[in-house]
Amino acid sequence: MSDKHSPSSDEARGRLAVFAAASELAALGDQLQRLRRTALALQAGGPAEAAAWCAAAPELPSILLVDIGATPHPLPALLELAACCGPACRIIALGERQDVDFYRQLLRAGIFDYLIKPVQLDLLADVLARAEHDEPLGHGGSARAGRTAAFVGAGGGVGT
């Protein structure tokens with residue numbers, strides 16, 4: 021059992037920490053400002069730095085953006101990070117790889133989503149909103165399962 025403060029769902033809404041390449045921190049900070057989001061941490065680094073920060077932080081974030089671009093073996097590093105942050109933290113990975121198999125491996129490992137750098141503002145806004153409401157991609161709306169037909173009539177000649 022951790023003695024750290026793990027905020028309730030209302031209290032945790034919007035707690036965000038960002039660990040990215042130093043060259044991208046300014047752009048991510050600007051995007052977060054445009055989205056009216058404040059970060060508990062906006063630091064240079066990857067999964068290892070994020071895990072160290074989470075281990076020392078008095079409050080854990082509910083959403084964690086972490087750059088895996090410079091990490092040689094991102095899956096084990098992200099699994100370690102997830103163990104440090106706990107199940108309530110939604111980890112969003114940032115990277116350059118455009119590989120569907122890699123994306124699926126990340127999702128199977130429990131990563132909430134993966135964004136390709138440079139991150140587009142509308143995608144970031146969408147992913148952060150889904151992370152706040154714990155709605156994984158493809159689970160938010162109702163899927164169309166088949167056809168629906170409705171027949172309406174009023175008096176005379178409608179039957180048979």
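Numbering (my numbering), first residue to last: 21 to 180. Every residue, glycine too, gets a C-beta built ideally from N, C-alpha and C. Since the structure is predicted, the reported quantities are computational estimates derived from the model, not experimental observations.
| Check | Outcome |
| --- | --- |
| Proximity of I83 and R124 at Cβ, strictly below 9 angstroms | no |
| Within 9 angstroms, strictly: CB atoms of A37 and A64 | no |
| At least three beta-carbon pairs within less than 8 angstroms, the region 98 to 113 to the region 66 to 86 | yes |
| Contact check, P2 vs L126, beta carbons under 9 angstroms | The question about residue 2 has no answer, for the chain in this structure spans 21 to 180. |
| Counterpart residues of L36 in DSSP-defined beta bridges | I83 |
| A170 versus D146 - alpha carbon distance | 34 angstroms |
| DSSP-derived helix/strand/coil call for S22 | The pLDDT assigned to S22 is 44, lower than 50, so where the model puts this residue is not dependable, and the model offers no usable value. |
| For L114, the three-state DSSP class (helix, strand or coil) | strand |
| Rounded Cβ spacing between P67 and E116 (contact assumed at less than 8 angstroms) | At roughly 15 angstroms, the Cβ-Cβ gap does not stay under 8 angstroms, so P67 and E116 are not in contact. |
| Boundaries of the beta strand (DSSP E) in which L135 is found, first to last residue | 133 to 136 |
| Identified DSSP bridge partners for L62 | V38 |
| From R57, A102, A151, residue whose alpha carbon lies closest to that of A72 | A102 |
| Extent of the continuous alpha helix (DSSP H) run through R54 | 45 to 54 |
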